[in-house]
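The structure under discussion appears below in the form of structure tokens.
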Amino acid sequence: MNEQLIHSKITSMELDVLKAVKQRTLENFTEGPSVERARLFFLLLPFFDENHWSGEIEASAKTVSIVYAALHAHDQVKENALVITKKQQLTVLAGDFYSGIYYQMLANSNNITMIQRLATSIIKVSENKASFYDGLVRSVEEIDGLVQVIETELLTTFYKFYGFEKYAPLATLMLRYIRYVEELECLQNNSQTRILRLLNQTLHHSLQTERWLLEKLDLLHEDISLTINSYNFNYELKSFMLHQITPHQHRAEQLTREG
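For the sequence shown, the positions run 3 to 261 when my numbering is used.
Here's what the structure looks like:
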């Protein structure tokens, strides 16, 4: 499958997900649902790698994407706000609305086992997100563990349910890589996130946090390069992952700034 067809399939699922959660008022007053194309890619990776792909599996993949949208919506509510705005109230409602949609989709498919496993994963992700607020100082290894669960737990549950576990190691590396790219960009733009607050608390200075992120990205990319070669992906799929999903240039960017 070539790059154009991969993009086309991802876009098709993206449009289906957006259509499933479309609600005019929420769209007018909130940022709308977050449907990340990288996550869609990994949900579709077994399809791209020519595994059996039924209508039920595709519906479940769309449902997992809606779960991510629901969790992301709840994350957008501002902390420590003295006045709760209409946008914040509707953002909470948006998360609840998306949650209702994915449970409805699963219920309509009579996939009770998937509902149970997904619900367990949602609890685990939510518990890890709650850890950002307990005030404890964590090691960078513990923070990385939190990130891994938040970014990959729902996806790996989907993989395990349909027998696609072999893709979990690669997806876990790549999704963590993508998240740390986003964190690095936020840090360099003087923005603040929950993960950056934890890292700064542990490493004591934003410069140390930046250095840790850059080194982490280098290590993850090395692991990605080694791991991807253990799969029998065709050239187009492998190239898409390395150049479209996780292009690696952060060390070069750092050297350019320092030079």
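Ideal Cβ placement from N, Cα and C applies to all residues, glycine included. All values reported here derive from a predicted model rather than from experimental measurement.
Shorter than 9 Å from the beta carbon of residue i to some beta carbon of chain B?
i          : result
residue 53 : The displayed structure is made up of one protein chain only, and chain B is not part of it.
Express the C-alpha separation of residue j and residue i in angstroms, rounding to a whole number.
i           : j           : result
residue 70  : residue 127 : 10 Å
residue 235 : residue 223 : 18 Å
residue 79  : residue 73  : Low local confidence applies: a pLDDT of 49 at residue 79 is under 50, so the model's placement there is unreliable, and no value is given.
residue 202 : residue 129 : 21 Å
residue 8   : residue 46  : 9 Å
residue 232 : residue 190 : 34 Å
residue 178 : residue 59  : 24 Å
residue 207 : residue 186 : 14 Å
residue 63  : residue 57  : 10 Å
residue 229 : residue 61  : 29 Å
residue 241 : residue 6   : 12 Å
residue 38  : residue 176 : 13 Å
residue 243 : residue 50  : 11 Å
residue 184 : residue 220 : 15 Å
residue 114 : residue 165 : 17 Å
residue 195 : residue 16  : 26 Å
residue 226 : residue 169 : 12 Å
residue 135 : residue 213 : 24 Å
residue 204 : residue 53  : 43 Å
residue 132 : residue 152 : 11 Å
residue 21  : residue 210 : 43 Å
residue 249 : residue 174 : 16 Å
residue 246 : residue 180 : 11 Å
I think residue i touches residue j, with their Cβ atoms under 8 Å apart; what is that distance to the nearest whole Å?
i           : j           : result
residue 44  : residue 157 : 6 Å
residue 14  : residue 41  : In fact, because the Cβ distance is near 15 Å, the residues do not count as touching under 8 Å.
residue 172 : residue 3   : About 17 Å separates the two Cβ atoms, so there is no contact after all.
At 4 residues or longer, what runs of the alpha helix (DSSP H) sit wholly inside the stretch 181-218?
Listed in chain order, the complete alpha helix (DSSP H) runs (minimum 4 residues) inside the stretch 181-218 are 196-205.
Within the chosen definition, does the stretch 189-204 reach the stretch 137-151 through at least 3 CB pairs nearer than 8 Å?
Touching, yes, given that three or more Cβ pairs across the two stretches are closer than 8 Å.
Does the stretch 157-174 touch the stretch 114-126, meaning 3 or more C-beta pairs lie closer than 8 Å?
Counting Cβ pairs under 8 Å, three or more are found: they touch.
Taking only runs of the alpha helix (DSSP H) that begin and end inside the stretch 120-157, which ones reach a length of at least 4 residues, in chain order?
None, since the stretch 120-157 contains no complete alpha helix (DSSP H) of that length.
Kindly provide the ranges of any alpha helix (DSSP H) runs that are 4 or more residues long and lie completely inside the stretch 216-246, ordered along the chain.
Entirely contained in the stretch 216-246, the alpha helix (DSSP H) runs reaching 4 residues are, in chain order, 237-242.
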